[in-house]
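Following: one structure in structure tokens, then a few remarks.
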Amino acid sequence: MTTGPGPHTRLAGGLLLWYGVLGGAVAWAAHLLVAWPLDELTCAAGRERVAAVPLWLAVWLAVVIPGLVTVGSLLVATLVWRRTARASSAGAEDRAVDRSRMLAVVGVWANLLFLTIIVLGGVAVLVFPPCQG
Amino acid sequence: MTDRGGVVAAATGVAALTTEEPVGRPTGWWGMVLFVATEATLFACLLGSYFYLRFQFGPQWPPGGVDKPKLLIPLLMTAVLVPSSLPVIWAEHGIRRGRRGRLRAGLAATLVLGLGFLALLAVEYAENLKHFTMTTDVYGSLFYLITGFHGLHVLVGLTMIGWLLAASLRGGSFGSHRHERVRNAAIYWHFVDTVWVAILFTIYLSPRL
Amino acid sequence: MSTTTSTAPAVGRDDLARLAEHWAEPRSLRSWFTTVDHKRIGRRYLVTAAFFFVLAGLSALVMRTQLARPESGVVSPQEYNQLFTMHGTAMIFLFATPMLFGFGNFLVPLMIGSRDMAFPRLNAFGYWVFLFAGLFMWASLPFGAAPNNGWFAYAPLNQVQHNPGLHMDVYALGLLFLGISTTSGAINFIVTALKLRAPGMSLNRVPLFVWAIVATAFMVIFALPALNADNAMLFFDRRFGTHFFDPSGGGNVLLWQHLFWIFGHPDVYIIVLPALGIVSAVLPAFTRRGVVAYSLIVLSIVAIAIISFGVWVHHMFATGLPQLSYSFFSAASTVITIPSGIQIFAWLATMLLGRLVSRVPLLFVIGFIVTFVLGGFTGAMFALTAFDQQVTDSYFVVAHFHYVLIGGAVFPMLAGIYYWLPKITGRMYHEGLGRWAFWLAFTGMHVTFFPMHLTGLFGMPRRVYTYRSEPGWDGWNLVSTVGSYLLALGLLLVLVGVVHAVRRGRPAPADPWEGDSLEWSTASPPEPYNFPVIPRVRSLHPTWDARTAESTTTGATADRVLSDGRRTLFTSELDARTERAVAMPEPSYKPLVLAGALLVFFTAMLLAAYPIAVVAVLVVAATIAAWLWPPRRPDEELGVAS
């Protein structure tokens, strides 16, 4: 690698790595912070709609969109893992590659965990009526 | 690297993906960012409590015959506080190039705007206290706690700004190689401004939705 | 013995003399009040936290004595309420977290190859605040004004109309005060670990203990504000008549519970995670190999730290919220067991694949695994809402969290005490005494708390100051009380062992266990500057690694000796590339003055002496202003344009 990518491309790559590591965590946090108060507060107010949208659909969206973000994060983490695997098998001890590889492994498993949580919550939306006490 | 495919390929190459980011930040910057993060969580808890109590309370909000908050003064406060970040940015850019005059002028301008905000807050309190106090009901408790706590943060931020101004007037404090304190105080001040926007939305605009 | 020794031949005698001159603190009263040395501060954290542990433990013994027989009258109900509240509050806030922060303070700079924490004076300040806040809370007990509402202080009982007196004001103000210390400590740990790692220690070479401390610190940053907001509102409700938790004014009692458990569940892991980090640090020395699956343990630490924020409602399954909103939290509560399981299996695999060296620290680690797994098992039972609603607020809950906290935190801490005692004091402990201490503490723990599962299932509620004979709870309660005395005896032997080591122990070599992390490359106890040469780290197990050792002997370079001043190295955040050498602050009275002014402020608030509080705030502001005031420098050095 003689020239290497420019600074903007490097920045994009660095941020992409962090999306792969933490994307699922952030998506899950957003899912929880939207789905839970939406359900609890709407029910407490005695309603079953949020504006014009039925409550179950709103909660369902708060499950599906973060779920898709997590899937994207999982794919990015897998990509980093495969790219760094190729780089480190080509030899040349470079601790930046080893560090990114470790973060990618953490990212892959973390995203699987967060995807599981989001999917389990999504199943519950299918099972329970939103305001059953 | 002009076509989009090339950009994506480069950004997902090993060299880009192993770029160190974040990198090269001083300890003071990290300390201030983490402090702001914990403070922001504190405000998130307070604003979350506002919505929780509001929605648990029932359809009528504010309760007990209190009018919906008037918008004139808070919008004036916003117009004073949010632009007050600009002189700080201008001053910080100035001192990075070693311009002490810009640092002093920028800090002084922010100080004036911040004091203006606190004066308007006093007017707002004087107006509201005629109708309800902190002990009237939970709405009053939330209103005064959240705005008062933010006002306290503005006061702390202004103390920092005034302290920086005093240090820069003394001379021998800041220059193009030494401006970490200016940067850290600026981060805090931007945070105080940003929180105000969230408070404006929560306390003043959300009851009208 | 490892290949490194404390006085590496490549460092000149004059370099060592200069380092000693710049870093050494004289043994004087002044130095006792002004020190910023992370090792002295760390030792103080450990000793002070142990002192609060003894106070809280004695409270527990009084309670067990009261409960040994039905309808006994050792203490009054009012006293009993204060005792169980102070026991819980002190164990959680004044013992567990500060004790682990003490380990962190002493060990993190040593493990990452630095000469101090990132903010040494903030570190000293954090200790003084912890000490003062602890004394502030305990001082209320002799006045009969101690918190009396349980450690989670539920509304509406915490409101002034139901609970007059200063009790809960002490609680709210004391925890706000202590929060300053915990937050500043957390920020310090994160910045230290990000910027002060020895060159070459990229994120994939950071010791697991440091990962655990950093994850804990991040949890403190995001969890503690919820508790602070809660306590601030509580204080305003009690003192100034607001209505946050008062339904008659439109408030809501459940708000207290939500905010408390948003903090409280992460706090369980704030206590347990660094303790698990101790286990990961102790195991390599006694299995003669690195902990298996490093990346997965890092994953487990990070995942636990994040997911623990999304499980708080499982403390409130008995409060009548919509089923669907429970399920989001049930999902997270169930999945969080996976990363915990990963760690347990990684340790078991390490022990299976390694060669076990049966010494006291390893015994405590094994005791930890057994006890913690049992506690985790009853914990998983609570994730079933139906079971939870059956046993909530019974002794079953008491049994569960003592298994988790004694098993998951106290046993690892004891392992850590025996493991690092040679490094901290420079003396070896007595092995036989340590074994007695382990078996007594282990047996005592199970004899005390196992029967509580049964009394809980038989229906005995927690927090009752006495009970009648009819339900048949007496026998098991007597067993618990006997067990608690055994446990206390075992812990007393730990104390005796430490004092014996300090007084009579044989001098410890630099690396008595042939450990893998960098603290074993320093002298026992370490020199004030920690490392004569800051090492260049080449692997995950630097002390086992000849190339890292070489970097401090024949490969030593002046940019890592830094003997011309009180200096250490900044490196980059992820890959630890050398950035620049920086000067570290000198000892100072300001941290003590600042903490003292805060003590005056909180005491004045408690006693409603508001003018004094205002004065104290002014002193606080003035001290901070003087602390951070920029030194005067010539214009050329500053870089001034006009």
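Protein chains in written order, with my numbering: chain A, 514 to 646; chain B, -5 to 203; chain C, 13 to 654. Here a beta-carbon is modelled for each residue, glycine too, at the ideal position from N, C-alpha and C. A quick note: this is a predicted structure, and the numbers were derived from the prediction, not measured.
Buried/exposed call for residue i, threshold 16 Cβ in 10 Å
i, result
"C/A570", "exposed"
"C/P159", "buried"
"C/H179", "buried"
"C/G353", "exposed"
"A/A564", "exposed"
"C/A29", "exposed"
"C/S481", "exposed"
"C/D647", "exposed"
"C/T16", "Caution applies to C/T16, whose pLDDT of 42 falls short of 50 and renders its modelled position unreliable; the value that the coordinates give is listed next. The residue in question, C/T16, is buried, as its Cβ has 16 or more Cβ neighbours within 10 Å."
"C/A36", "exposed"
"B/E121", "exposed"
"B/P53", "exposed"
"C/K207", "buried"
"C/Y247", "As written in the sequence, residue 247 of chain C is Phe, which differs from the Tyr given in the question. Counting Cβ neighbours within 10 Å, C/F247 comes out buried, since at least 16 surround it."
"C/P219", "buried"
"A/V640", "exposed"
"C/F380", "buried"
"A/L587", "buried"
"A/V589", "buried"
"C/S370", "exposed"
From the options, residue whose alpha carbon lies closest to that of residue i
i, options, result
"C/F45", "C/A136, C/V66, C/N117 and C/V74", "C/A136"
"B/A179", "B/P201, B/G165 and B/M154", "B/M154"
"C/A500", "C/P483, C/S529, C/F470 and C/G456", "C/G456"
"C/W485", "C/V310, C/Y441, C/P524 and C/G471", "C/G471"
"A/S602", "B/R19, B/V8, B/V1 and B/G52", "B/V8"
"C/F450", "C/L503, C/H412, C/I282 and C/G276", "C/L503"
"A/A617", "C/L308, C/F164 and C/S551", "C/L308"
"C/F272", "C/T590, C/N240 and C/G100", "C/N240"
"C/D27", "C/L396, C/V573 and C/R578", "C/V573"
"C/T390", "C/L604, C/T404, C/L507 and C/A520", "C/T404"
"C/A72", "C/R579, C/T580, C/F613 and C/L498", "C/L498"
Sequence-distant residues of its chain with Cβ nearer than 8 Å to residue i (five each side left out)
i, result
"B/G169", "I89, G92 and R94"
"A/M514", "With a pLDDT of only 43 at A/M514, under 50, the local geometry of the prediction cannot be trusted, and the value read off the model is given with reservation. So no residue of the chain qualifies."
"C/H255", "D249, G261, G262 and G263"
"C/P524", "P434, M440 and S536"
Chain-order list of residues whose beta-carbon lies under 7 Å from that of residue i (same chain, five-residue window excluded)
i, result
"C/G177", "A157"
"A/T522", "none"
"C/F221", "L119, M123, G289, I290, S292 and A293"
"C/I454", "Just to set this straight, residue 454 of chain C is Phe in the shown sequence, not Ile. Cβ neighbours of C/F454 beyond the five flanking positions: G379."
"C/A541", "The residue you asked about is not Ala; residue 541 of chain C is Tyr in the sequence shown. Taken in chain order, the residues that qualify are L31, W35 and R127."
Check: residue i C-beta below 7 Å from any heavy atom of the ligand SAH
i, result
"B/L115", "The model depicted lacks the ligand SAH and carries no ligand whatsoever."
Sequence-distant residues of the same chain with beta carbon closer than 6 Å to residue i, five excluded per side
i, result
"B/S79", "H184 and D187"
"C/N10", "Outside the displayed range of chain C (13 to 654) lies residue 10 of chain C, so it cannot be described from this structure."
"C/M393", "F399"
Neighbouring residues, chain A, relative to residue i (Cβ below 8 Å)
i, result
"C/S214", "R608, A609, D611 and R612"
Per-residue contacts from residue i into chain B (C-beta, under 8 Å)
i, result
"C/G263", "L47, V132 and S135"
Residue i: contacting residues in chain C (beta-carbon distance under 7 Å)
i, result
"B/L200", "Leu is not the amino acid found at residue 200 of chain B; the sequence shown has Ser there. Here the premise fails: no neighbours, minimum Cβ distance about 16 Å."
Within chain C, the residues that residue i reaches when beta carbons sit closer than 8 Å
i, result
"A/I630", "I319, G322, A343, A344 and V347"
Interface residues of chain A facing residue i [CB-CB closer than 9 Å]
i, result
"B/V27", "Near B/V27 there are no residues of chain A at all, since even the closest Cβ is about 15 Å away, more than 9 Å."
What residues in the stretch 345 to 358 of chain C bring their beta carbon closer than 8 Å to a beta carbon of chain A? Result list: T346, V347, I350 and P351.
Chain-ordered residues of the stretch 540 to 567 of chain A with a beta carbon less than 7 Å from chain B: For the stretch 540 to 567 of chain A, residues whose beta-carbon sits nearer than 7 Å to a beta-carbon of chain B comprise L554, A557 and A558.
Listed in chain order, which residues of the stretch 93 to 117 of chain C have Cβ atoms closer than 7 Å to some Cβ of chain A? none
Contact list for the stretch 167 to 197 of chain B against chain C, Cβ threshold 7 Å: Listed by position, the residues of the stretch 167 to 197 of chain B near chain C (Cβ gap below 7 Å) are S167, F168, G169, S170, H171, R172 and R175.
Using a Cβ-Cβ cut-off of less than 9 Å, list which residues of the stretch 573 to 599 of chain C approach chain B; keep chain order. F582, S584, E585, L586, D587, R589, E591 and V594
Which of the residues in the stretch 49 to 69 of chain B, read from start to end, lie with their CB under 9 Å from any CB of chain A? Within the stretch 49 to 69 of chain B, the residues whose Cβ lies closer than 9 Å to some Cβ of chain A are F49, Q50, G52 and P53, listed in chain order.
Tell me which residues of the stretch 137 to 165 of chain C have at least one Cβ-Cβ distance to chain B shorter than 8 Å, keeping chain order. none
Residues of the stretch 516 to 539 of chain A with a CB closer than 8 Å to any CB of chain B: list them in chain order, please. G517, P518, G519, T522, R523, L524, A525, G526, G527, L528, L529, L530 and W531
Along the stretch 591 to 612 of chain A, where does the CB come closer than 7 Å to a CB of chain B? Name the residues. L592, V593, R596, T597, A600, A609 and V610
Which residues, taken in chain order from the stretch 137 to 171 of chain B, show a beta carbon closer than 7 Å to some beta carbon of chain C? L139, T153, W157, A161, G166, S167, F168, G169, S170 and H171
Contacting positions in the stretch 614 to 642 of chain C - beta carbon closer than 8 Å to chain B: Answer set for the stretch 614 to 642 of chain C: A633, A637, L640, W641 and P642.
Can you pull out the residues from the stretch 614 to 625 of chain A whose beta carbon lies closer than 8 Å to at least one beta carbon of chain C? R614, M615, L616, V618, V619, W622 and A623
Mind checking the stretch 6 to 18 of chain B against chain C and listing, in chain order, the residues whose C-beta falls within less than 8 Å of any C-beta there? E14, E15, P16, V17 and G18
Within 8 Å of chain A by C-beta, residues of the stretch 355 to 384 of chain C in sequence order: none
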